[in-house]
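>
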Amino acid sequence: MARVVMKFGGTSVADLDRIRGVARRVQRAVAAGDEVAVVVSAMAGVTNQLVAWCQALSPLHDAREYDAVVATGEQVTAGLLAIALQEMGVEARSWLGWQIPLVSDDAHGKARIERIEGTELVARMRRGQVPVVAGFQGVGPDGRVTTLGRGGSDTSAVALAAAIRADRCDIYTDVDGVYTTDPRIVAKARKLDRIAYEEMLELASVGAKVLQTRSVELAMKERVRVQVLSSFEEAPGTLLVDEDEIVEKEVVTGIAYSRDEAKITVRRVPDRPGIAAAIFGALAAQGVNVDMIVQNVSAEGTTDMTFTVGKADLPRARAALGSAREAVGFADILADPDVAKISVVGVGMRSHPGVANTMFRTLADKSINIQVISTSEIKVSVLIAAEYTELAVRALHTAYGLDAA
Ligand code: ASP
Ligand code: MG
C-alpha cells in the first residue's frame with residue numbers, strides 16, 4: 242500500500258470521456274489499496290480562453306480579478322471528476338484551494354505556495370475517501386483566490402505530495418515521459434527512464450515544457466519522487482531522482498530549445514564602473530528578467546552590451562532602457578526577437594571536459610552563428626537565429642550520441 246498523488250493535466254481531462262478514463266485509473270489505484278489524492282488541471286484550452294477574456298476587457302486588468310476568473314477552470318474539473326468517481330462507487334469530494342487551505346503569498350497570477358494544511362485530507366484518505374484537489378489555485382493572505390502561474394497545477398501536485406508525505410507524485414500528461422529532446426523535432430529522441438532533479442530543473446527552465454519549473458524546484462528541495470507518465474498508456478514513465486541514483490551518467494542527458502526570448506543590444510555604452518548596474522537596475526525596476534548577458538571590452542572607451550529578455554517583456558525592456566538612456570549614455574538599442582536559445586544539459590558535464598566545444602564545433606559545421614553563450618555547471622546554452630532551431634537541435638542530438646538506435 243502506498244500513498245500517492247495523481248495529477249492529471251488539461252489534455253487528460255479534456256472531455257467527459259477522458260474524465261471517466263481518469264476516474265477509472267483512480268478507481269484501480271484505490272482498489273489496489275493505495276491512498277490516493279488527485280490534483281487536476283482545467284480542461285484543455287479552458288485557461289487560455291479565460292486569460293483571453295481578461296485581456297480582451299483590459300490589457301492591464303486587476304491581477305486579483307484575473308485570478309478570480311482563471312482559477313475557475315480547475316474548479317469545474319475537480320467537481321466533474323468527483324462526480325465521475327462517485328458514479329463508479331468511489332468515495333470522493335472536490336477541494337478548492339481556500340478549502341484545504343493551500344495558502345500562498347499575494348503575488349496574484351504567479352503566487353508562491355506558503356503552506357498546505359494536509360491533516361484533514363490525510364484523515365479522509367485513510368478512510369478511503371479520494372480528495373480531488375483543484376490545481377493551480379490557492380488563497381492569499383487577504384483571503385482572496387490566487388493562481389500559481391501557467392502550468393502551476395504541477396506545483397500544486399508536488400507541494401501536496403510533500404505536505405501529506407506521499408510516497409510518490411505521478412504526473413499524468415499527454416507525453417509518456419521526459420525525452421532527450423522534443424520528439425516533434427527529432428524523430429530519434431529517446432524516452433529517459435530516469436532524470437536527475439537538477440537536469441530536469443535546467444531543462445524545464447530552458448524550454449522543455451513537460452513540468453512547471455517551480456514544481457521541479459520544489460520536488461528537488463522536498464525530495465518528492467515525481468514520475469511523469471502518459472494518461473493514455475499503461476507504460477512506466479520517467480522518474481525524477483537524485484543524481485547518485487543514476488549509475489550510467491551520460492555527458493549530455495537532454496537538449497532543449499526556447500523561442501521565448503528576444504535579444505537586445507545596447508550600443509556604445511561607456512566602459513566604466515556602474516554602467517551594468519544602471520542598465521540592469523532599470524530593467525529590474527520594471528520587473529524585466531534578464532537571462533543571457535555578454536559584454537565586450539573595446540579600445541575606444543565604449544562597449545556593446547548584449548542580453549536576452551522574455552519576448553513578452555520586450556516592450557517594457559525598451560521603455561525601461563529608453564528612460565535610462567540619459568543616465569547611462571548609450572548610442573542606441575537594437576532588438577531582435579528572431580532568436581532561439583539552445584541548451585545542452587547533463588550532470589555528466591561536471592566530470593567530462595569538452596562538452597561546450599563539441600557544441601560549438603557541431604554548430605560551426607552547420608554554419609550556424611553563435612550570438613551569445615552562457616554556461617552553468619551542468620548546462621551550456623547558445624543563442625542562434627531562430628530559423629536554425631531544428632537544424633541545431635538535430636545536429637546536437639546526433640553529436641552527443643543521443644539518437645535512438
Ligand atoms: N490550467 C492552468 C494552465 O493552463 C494550470 C495548469 O494546467 O497547470 O496554465
Ligand atoms: Mg502542464
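All letters in the sequence shown, in the order written, are residues 242 to 646 by my numbering.
Using N, Cα and C, we set each Cβ at its ideal position, and we do this for glycine too.
1) Any chance the CB of G384 is under 7 Å from a heavy atom of ligand 2?
2) Following the continuous beta strand (DSSP E) through S471, name the residue where it begins and the one where it ends.
3) I'd like to confirm something about R391: is its beta-carbon nearer than 7 Å to some heavy atom of ligand 1, or not?
4) Is A283 near ligand 1, going by C-beta to nearest heavy atom under 7 Å?
5) In angstroms with no decimal places, state the Cα-to-Cα distance between V465 and D434.
6) I need the boundaries of the beta strand (DSSP E) containing L343, first residue and last residue.
7) Hey, quick one: how far does the alpha helix (DSSP H) through A398 stretch, first residue to last?
8) Is T288 near ligand 1, going by C-beta to nearest heavy atom under 7 Å?
9) Might you give, ordered along the chain, the residues of its own chain that have their beta carbon closer than 6 Å to the beta carbon of G392, omitting 5 neighbours on each side?
10) Excluding the 5 residues flanking V331 on each side, which residues of the same chain have their C-beta closer than 8 Å to its C-beta?
11) Confirm the yes/no value for this check: CB of G250, any heavy atom of ligand 2, distance under 7 Å.
12) When we look at the beta-carbon of S472 and count the other beta-carbons within 10 Å, is it buried (16 or more) or exposed?
13) Looking at the unbroken beta strand (DSSP E) that takes in V586, where does it start and where does it end?
14) Thinking C-alpha only, which one of I611, R385, G369 and Q327 is nearest R305?
15) Quick one: what's got a C-beta closer than 8 Å to R557's C-beta in the same chain, skipping five residues either side?
16) Is DSSP giving V371 helix, strand or coil here?
17) Measuring from the CB of G199, is there a heavy atom of ligand 1 at a distance below 7 Å?
18) Under the three-state reduction of DSSP, which class applies to R244: helix, strand or coil?
19) Could you have a look at T422 and say whether DSSP puts it in helix, strand or coil?
20) Do you know offhand how far S394's Cα is from V380's?
21) Could you tell me the distance, in whole angstroms, from the CA atom of K504 to the CA atom of T549?
22) Run the CB neighbour count on S584, radius 10 Å, all protein chains shown included, and call it buried at 16 or more, exposed below.
23) Taking 8 Å as the limit between beta carbons, can you name the residues of its chain near R314, skipping five residues before and five after?
24) For T630, is the classification buried or exposed, using 16 other Cβ atoms within 10 angstroms of its Cβ as the cut-off for buried?
25) Using beta-carbon positions only, say whether Q612 and L604 come within less than 8 Å of one another.
26) Going by the CB atoms, is the gap between V399 and L459 shorter than 8 Å?
27) If the criterion is Cβ atoms closer than 8 Å, does the pair M247 and G274 meet it?
28) Taking C-alpha atoms, which residue in A646, A403, T252 and P342 lies nearest to R244?
29) For the structure I just gave you, are there three or more beta carbon pairs, one from the region 480-500 and one from the region 637-644, closer than 8 Å?
30) Using 10 angstroms around the beta-carbon of W336, count the other beta-carbons present and answer buried if the total reaches 16, otherwise exposed.
Well, looking at it:
1) By 1-based counting over the sequence shown, the position of residue 384 is 143. Taking 7 Å as the cut-off, one finds no heavy atom of ligand 2 near enough to the beta carbon of G384.
2) On the sequence shown, position 230 is the one that residue 471 refers to. Per DSSP, the unbroken beta strand (DSSP E) holding S471 starts and ends at V467 to S471.
3) In the sequence shown, residue 391 corresponds to position 150, counting from 1. At least one heavy atom of ligand 1 is found less than 7 Å from the C-beta of R391.
4) For this step, residue 283 is matched to residue 42 along the sequence shown. Indeed, a heavy atom of ligand 1 lies less than 7 Å from the Cβ.
5) Numbered from 1 along the sequence shown, position 224 holds the residue referred to as residue 465. Numbered from 1 along the sequence shown, position 193 holds the residue referred to as residue 434. Rounded to whole angstroms, V465 to D434 spans 17 Å at the Cα level.
6) Mapped onto the sequence shown, residue 343 falls at position 102. Following the DSSP letters along the chain, one finds L343 inside the beta strand (DSSP E) bounded by residues L343 to S345.
7) Residue 398 sits at position 157 when you count from the first residue of the sequence shown. Residues S394 to A404.
8) Taking the sequence shown and counting its residues from 1, the one referred to as residue 288 is at position 47. For ligand 1, at least one heavy atom lies less than 7 Å from the Cβ of T288.
9) As a working mapping, residue 392 is identified with position 151 in the sequence shown. For G392, where only same-chain residues beyond five positions count, the Cβ hits under 6 Å are Q453.
10) Counting from one through the sequence shown, the residue named residue 331 turns up at place 90. In its chain, beyond the 5 residues on either side, A264, V267, Q268, V271 and V371 have a beta carbon closer than 8 Å to the beta carbon of V331.
11) Against the sequence shown, residue 250 aligns to sequence position 9. Yes, Cβ of G250 sits closer than 7 Å to a heavy atom of ligand 2.
12) By 1-based counting over the sequence shown, the position of residue 472 is 231. Buried.
13) On the sequence shown, position 345 is the one that residue 586 refers to. V580 to V586 is the span of the beta strand (DSSP E), which, as asked, contains V586.
14) Translated into positions along the sequence shown, residue 305 becomes position 64. Checked all of I611, R385, G369 and Q327; the closest Cα to R305 is R385.
15) Counting from one through the sequence shown, the residue named residue 557 turns up at place 316. Same-chain partners within the cutoff: Q527, G528 and V529.
16) For the purposes of this step, residue 371 is taken as the residue at position 130 of the sequence shown. When DSSP states are grouped into helix, strand and coil, V371 belongs to the strand group.
17) With the chain running from 242 to 646 in the structure shown, residue 199 is simply not present.
18) Here residue 244 refers to the residue found at position 3 of the sequence shown. In the structure shown, R244 sits in a strand (DSSP, three-state: E or B).
19) Counted from its first residue, the sequence shown places residue 422 at position 181. In the structure shown, T422 falls within a coil segment according to DSSP collapsed to helix, strand and coil.
20) What you label residue 394 is simply residue 153 of the sequence shown in a count that begins at 1. What you label residue 380 is simply residue 139 of the sequence shown in a count that begins at 1. Between the alpha carbons of S394 and V380 lies a gap of roughly 14 Å.
21) As a first step, residue 504 must be located in the sequence shown, where it is residue number 263. As a first step, residue 549 must be located in the sequence shown, where it is residue number 308. One Cα belongs to K504, the other to T549, and the distance between them is close to 4 Å.
22) By 1-based counting over the sequence shown, the position of residue 584 is 343. Under this definition S584 is a buried residue.
23) Within the sequence shown, residue 314 is the residue found at index 73, counting from 1. One point to set straight first is that residue 314 is Gly, not Arg, in the sequence displayed. Around G314: S282, A283, M284, V287, T288, L291 and F377.
24) Residue mapping note: residue 630 aligns to position 389 of the sequence shown, counting from 1. Per the 10 Å Cβ criterion, buried.
25) As a first step, residue 612 is located in the sequence shown; it is residue number 371 there, counting from the start. As a first step, residue 604 is located in the sequence shown; it is residue number 363 there, counting from the start. The Cβ-Cβ distance between Q612 and L604 does not fall below 8 Å.
26) Along the sequence shown, one-based indexing puts residue 459 at 218. Along the sequence shown, one-based indexing puts residue 399 at 158. In this structure, the beta-carbon distance from L459 to V399 falls below 8 Å.
27) Counting from one through the sequence shown, the residue named residue 247 turns up at place 6. Counting from one through the sequence shown, the residue named residue 274 turns up at place 33. Remark: C-beta atoms of M247 and G274 do not approach each other more closely than 8 Å.
28) Here residue 244 refers to the residue found at position 3 of the sequence shown. Residue A403 is the option with its Cα nearest to R244.
29) Judged by pairs of C-beta atoms under 8 Å, the region 480-500 touches the region 637-644, as three or more such pairs exist.
30) Residue 336 sits at position 95 when you count from the first residue of the sequence shown. Residue burial annotation: W336 is buried, with at least 16 other C-beta atoms found within 10 angstroms of its C-beta.
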